[in-house]
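In mature numbering (1 follows the signal peptide of the UniProt record, and there is no 0), the protein residues as written are -20 to -1, 1 to 313.
Cβ coordinates follow ideal geometry from the N, Cα and C atoms, glycine included.
I have placed the structure first, in the form of structure tokens, so that the comments after it can refer back to it.
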């Protein structure tokens, strides 16, 4: 199969493809993207690239999509990485305190274009709760939306930050927003357990999504880690990151060696919907490859000059199930 890389499709062509292969029936407004129509971002915690690369579940997931083998987190500790992802800056934050940034952020850009969004937070008490949960499974520092005054001071925006239990209902009701950010709890993200434990949870969380063909239509999933664990400077804070979903236009098992950062994920979302940029960090970031309408196929049987887009193999075999789990308590940022 021959491919021809294009840097730009006309709006008419993009819309024609969306019309031909829309995402599942949905409620509310919908804005088609140029690479995908929906994106789900999942942040895991504190794991070195080499450790994740040796984990059977992480490797199995990468084989179902694209491994981003040179993606670096922004800084240490946890919270400024979440802040940077949403606003293209750590905004002078160097700890996990109760900060209220006044910077422009991705929510501002999305809402300006009428694009739906929601934050799914495991064990989140709800009601724009500004602190950690009593059981400490939900930690405010891992909820990026809570670090911005323009969100926490706005009841309408706060209502879009929900307990992660809502996700299954939203999927069933075709009500998952076009941008979704998912934060696992402190056990599931590996912060207070181990990669063995968290990767097994991730397997159980991701596999049903991948096997839901309706949900996967023109959907991208990005799985990454907030930061590495050992903080060795020569490792450049490189974190294991995976690109999955029906919007991926690369063969399963592809390894993308392009240097990326967390800002690249932000820039990809911005470019997908023509949102503009917040500052030079996202404006200069390399956009993720292997997504959506970038590669046009010459011999896929479509009409000449129409949407000859290489079909993505939407086939995700069952992932291996881990043996009995052993939790290990660690002191992490």
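Each of 122, 112, 75, 161 was checked against the Cα of residue 170, and the nearest Cα belongs to 122.
The three-state secondary structure of residue 118, taken from DSSP, is coil. Closest by C-alpha distance to residue 241, out of 12, 264, 144, is 264. A direct Cα-to-Cα measurement between residue 162 and residue 62 gives close to 12 Å. Rounded to the nearest whole angstrom, the CA to CA distance from residue 181 to residue 215 is 26 Å. In summary, residue 235 is exposed, with fewer than 16 beta-carbon neighbours lying within 10 Å of its beta-carbon over all protein chains present. Secondary structure in the stretch 249 to 273: no beta strand (DSSP E) run of 3 residues or longer lies completely within the stretch. Around the beta-carbon of residue 30, fewer than 16 other beta-carbon atoms lie within 10 Å, marking it exposed. According to the DSSP assignment, residue 175 belongs to the alpha helix (DSSP H) that extends over 175 to 190.
A direct Cα-to-Cα measurement between residue 155 and residue 199 gives close to 14 Å. For residue 23, the enclosing beta strand (DSSP E) begins and ends at 18 to 24.
DSSP places residue 51 within a strand segment (E or B) once states are collapsed to three.
Between the stretch 68 to 82 and the stretch 210 to 229, the count of C-beta pairs closer than 8 Å stays below three; the two stretches do not touch. The C-alpha of residue 115 lies about 30 Å from the C-alpha of residue 41. Leaving aside the five residues that flank residue 137 on each side, the residues in its chain whose CB is nearer than 7 Å to its CB run, in chain order, 87, 131. Taking residue 110 as the centre and dropping the five residues before and after it, the same chain places the C-beta of 78, 120, 126, 132 closer than 8 Å to its C-beta, in chain order. Taken in chain order, the complete alpha helix (DSSP H) segments of 4 or more residues contained in the stretch 128 to 176 are 129 to 132, 135 to 138, 146 to 152. Annotation: the continuous beta strand (DSSP E) that includes residue 200 extends over 199 to 205.
Per the C-alpha coordinates, the member of 268, 233, 83, 218 positioned closest to residue 66 is 83.
Cβ contact annotation for residue 251 (same chain, cutoff 8 Å, sequence separation greater than five): 14, 15, 267, in chain order. With distances taken between CA atoms, residue 150 lies nearest to 194 out of 220, 117, 205, 194.
In chain order, 9, 11 place their CB closer than 8 Å to the CB of residue 94, counting only its own chain and leaving out the 5 sequence neighbours on each side. The Cβ-Cβ distance between residue 230 and residue 20 does not fall below 7 Å.
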